[in-house]
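What follows is a single structure, written as structure tokens, with notes after it.
Numbering (my numbering), first residue to last: 3 to 203.
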């Protein structure tokens with residue numbers, strides 16, 4: 003699991019691990035809490051007040067570190083040691099999702115880490131959708147026409163697109179790894195995601 007990878011990488015970098023991190027899209031804590039319980043000092047950020055209320059009720063000890071805000075407008079008290087974004091930097095049109103990378107770099111201290119998991123363009127999309135954007139690197143954005151994400155725009159990345167978005171301000175700690183999961187029957191096709199770790203130059 004990516005949570006275990008995050009903890010292992012930070013354990014090998016005690017100076018980074020000892021700083022404060024930000025979990026973007028913490029929701030009700032499915033991944034946030036295992037990271038906190040692993041010893042991390044994490045701000046939790048989410049757009050859903052209800053999810054944050056649920057998380058605070060489950061873990062009152064973390065309530066003071068939870069924030070209801072948009073990532074692009076979030077202003078921490080100081081530079082962050084690391085940013086964790088698991089299945090978050092894909093929920094918007096291309097201009098916004100690309101801005102997430104620039105914002106992460108701006109918030110990180112030199113040598114800070116970005117832990118990233120995002121949709122891969124190799125995904126065989128199950129629900130009805132319309133492709134509304136494509137870019138030169140092969141990435142694309144869809145707007146779902148049915149299913150639980152109906153009406154939402156979601157971006158799917160290629161390896162080349164990730165490289166272009168991170169080449170100026172980051173260096174790769176690990177090579178982007180594509181995780182492909184076959185959908186259980188009776189659904190068809192597969193779901194693919196990239197996992198990558200970047201260090202701010």
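Note that CB positions come from ideal geometry on N, CA and C, so glycine has one too. Please read these numbers as outputs of a predicted model, since none were measured by experiment.
Following the DSSP letters along the chain, one finds residue 85 inside the beta strand (DSSP E) bounded by residues 82-88.
Judged by DSSP secondary structure, residue 117 falls within the beta strand (DSSP E) whose first and last residues are 110-121. For residue 44, DSSP records a beta bridge to 23. Between residue 122 and residue 172 a beta carbon distance of about 19 Å is seen, past the 8 Å cut, so the two are scored as non-contacting. Judged by DSSP secondary structure, residue 8 falls outside any beta strand (DSSP E) and instead within the alpha helix (DSSP H) spanning 4-13. Closest by C-alpha distance to residue 66, out of 80, 76, 73, 47, is 47.
Within the model, the alpha-carbon separation for residue 105 versus residue 190 is close to 36 Å. CA-CA distance, residue 150 to residue 161, rounds to 27 Å. When secondary structure is reduced to three states using DSSP, residue 124 falls in the coil class, being assigned neither helix nor strand. Secondary structure note for residue 163: its alpha helix (DSSP H) is the uninterrupted segment 161-168. Here residue 130 is exposed, its C-beta having fewer than 16 other C-beta atoms within 10 Å. Just so you know, the alpha carbons of residue 82 and residue 178 end up roughly 22 Å apart. Per DSSP, residue 195 is one residue of the beta strand (DSSP E) stretching across 192-202.
Judged by DSSP in its simplified three-state form, residue 158 adopts strand.
A check of alpha carbon separations from residue 125 across 140, 113, 114 identifies 140 as the nearest. For the pair residue 86 and residue 153, the CB atoms are not nearer than the 8 Å cut-off.
For residue 173, the uninterrupted beta strand (DSSP E) segment begins and ends at 172-184. Residue state for residue 100 is assigned as helix, using DSSP reduced to three classes. For residue 110 against residue 118, the beta-carbon gap comes to about 12 Å, at or over 8 Å, which does not count as contact.
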